[in-house]
Amino acid sequence: EVQLLESGGGLVQPGGSLRLSCAASGLTFSSYAMSWVRQVPGKGLEWVSIISGSAASTYYADSVKGRFTISRDNSKNTMYLQMNNLRAEDTAVYYCAKGGVAAAGTGRYGMDVWGQGTTVTVSS
Amino acid sequence: QSVLTQPPSVSAAPGQKVTISCSGSTSNIGNNFVSWYQQVPGTAPKLLNYDNNKRPSGIPDRFSGSKSGTSATLDITGLQTGDEADYYCAIWDSSLSAWVFGGGTKLTVL
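Chains G and W, in that order, are what the protein sequence lines are.
To convert, note that position 62 of the first sequence is 49 in the working numbering; the numbers rise steadily by one, no gaps.
To convert, note that position 37 of the second sequence is 34 in the working numbering; the numbers rise steadily by one, no gaps.
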């Protein structure tokens, strides 16, 4: 069974930094693109970033471009999201999600496994 | 405001059928694959449909997706109280190089 487990959330001041982790098990990690998706409580889903299986390709939502960096360590079956210059509007539950193939630039297979989420609160 | 438009809410009685729409344009739905997600309050989203109309293993055939032109729909038949959730359509927009989610539809089973 494929499982994803996020960690690293917490309370941070505006302008601060935080690094989220997503540990995967039960799969050949490098064979799949991975995404971060966030959700403000009571609001809809917002895609944040995606990284291909080999880490050669990364894409970001305009709202986080230049502030967030996605990465992965396939030897550790773990994906990361480095979040810098955090703003109040970044406050959300952050989910990691697995793609259906290694390529980042296809939506054909959807995001088929999701973690339980980790909460990020940006507040002074 | 998402470029994929969903009705904020739909409702129906147990056993009935409900249709959730996802409206877009040629540049988004028209040229990309649609997937659908179910999110029961307090839990993570779950993939219901991918590649416009395919179900992952373990998803009942009560959940049926389709796409025509610039719109997609998710039909749920034989409604159960456990189907009460928020439902989202999504695409990988190849012109934006970004995933885009619809605004979500809250399903109430009366």
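The C-beta atom is built at its ideal place from N, Cα and C for all residues, glycine as well.
- For residue 34 (chain G), the CB contacts under 7 Å within the same chain, skipping 5 residues up- and downstream, are 22, 24, 48 in chain order.
- Exclusion of the five residues before and after residue 47 (chain W) leaves 32 as the residues of its chain whose Cβ lies within less than 6 Å of its Cβ.
- Of all residues in the region 35 to 46 of chain G, only 37, 46 place a beta-carbon less than 8 Å from a beta-carbon of chain W.
- In this structure, residue 80 (chain G) and residue -1 (chain G) do not form a Cβ contact; the two beta carbons are roughly 15 Å apart against a cut-off of 8 Å.
- In this structure residue 3 (chain G) is not in contact with residue 107 (chain G), their Cβ atoms being roughly 11 Å apart against a cut-off of 8 Å.
- Taken atom to atom, the span from the alpha-carbon of residue 76 (chain W) to that of residue 86 (chain W) is near 19 Å.
- The C-beta of residue 30 (chain W) comes closer than 7 Å to at least one C-beta of chain G.
- Comparing alpha-carbon positions, the option among W:12, W:0, W:60, W:29 lying closest to residue 93 (chain G) turns out to be W:29.
- Annotation: the region 33 to 107 of chain G contains the following complete segments of the beta strand (DSSP E) (minimum length 3 residues), in chain order: 45 to 47, 55 to 60, 65 to 70, 79 to 86, 98 to 101.
- Judged by beta-carbon spacing, residue 36 (chain G) lies beyond the 7 Å limit of residue 90 (chain G), meaning their Cβ atoms are not closer than that value.
- Shown here, residue 16 (chain W) sits in a strand according to DSSP, grouped into three states.
- For chain W, the residues of the region 68 to 85 of chain G that bring a beta carbon within less than 7 Å of one of its beta carbons are 82, in chain order.
- Residue-level contact by beta carbon holds for residue 104 (chain G) and chain W, with a gap shorter than 7 Å.
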